[in-house]
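The block underneath contains the structure these notes are about, expressed in structure tokens.
In my numbering, the protein residues as written are 105 to 244.
Right, here's the structure in full:
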């Protein structure tokens, strides 16, 4: 049976949600969860896969990962992972490249629209319980 270790420092309900959804979807896989690299000890030596954000790893985690075949980085960057001297060359490393494209574009457009329509000024006026007349050009 394959064994997966999830290393996440997100709030407990979110961590548990990751684990529980994976367990439900893949009942044939043993899935363990820890919230800090110092707690991987009981699981890492038998883990086939590790799911984490790359900056959360330490060299000690990878040193003890003798069965590890795959690391899934939950972010787009893997520079804190692939340059670890204790990462074996035969371990596959994957990341979440491409998942941020639409949200970042949408946030940029929302920011431009907010500035173009004077939203920051409107919010300040709302906080002050007043409303200045709109002029032809919106000011931030």
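We put the beta carbon where it would ideally sit given N, CA and C, even for glycine. In this text the structure is predicted, and so the values were computed from the model without any measurement.
C-beta contact flag for residue i and residue j at 8 angstroms
i, j, result
"residue 139", "residue 123", "no"
"residue 148", "residue 177", "no"
"residue 184", "residue 151", "no"
"residue 128", "residue 153", "no"
Residue i (DSSP reduced to helix, strand or coil)
i, result
"residue 138", "strand"
"residue 165", "helix"
"residue 92", "This structure cannot speak to residue 92, because the chain is shown only from 105 to 244."
"residue 144", "coil"
Cβ-Cβ separation, residue j to residue i (assumed contact under 8 angstroms), whole Å
i, j, result
"residue 156", "residue 114", "About 11 angstroms; that fails the 8 angstroms criterion."
"residue 136", "residue 109", "5 angstroms"
"residue 195", "residue 182", "Their Cβ separation, rounded to whole angstroms, is 12 angstroms, which puts residue 195 and residue 182 out of contact at 8 angstroms."
Please determine if the stretch 186-194 and the stretch 224-237 are in contact, where contact requires at least 3 C-beta pairs separated by less than 8 angstroms. Counting Cβ pairs under 8 angstroms, fewer than three are found: no touch.
If you scan the stretch 150-200 from start to end, which runs of the alpha helix (DSSP H) of 4 or more residues do you find wholly inside it? As far as the stretch 150-200 is concerned, its whole alpha helix (DSSP H) runs of at least 4 residues are 163-167, 183-186.
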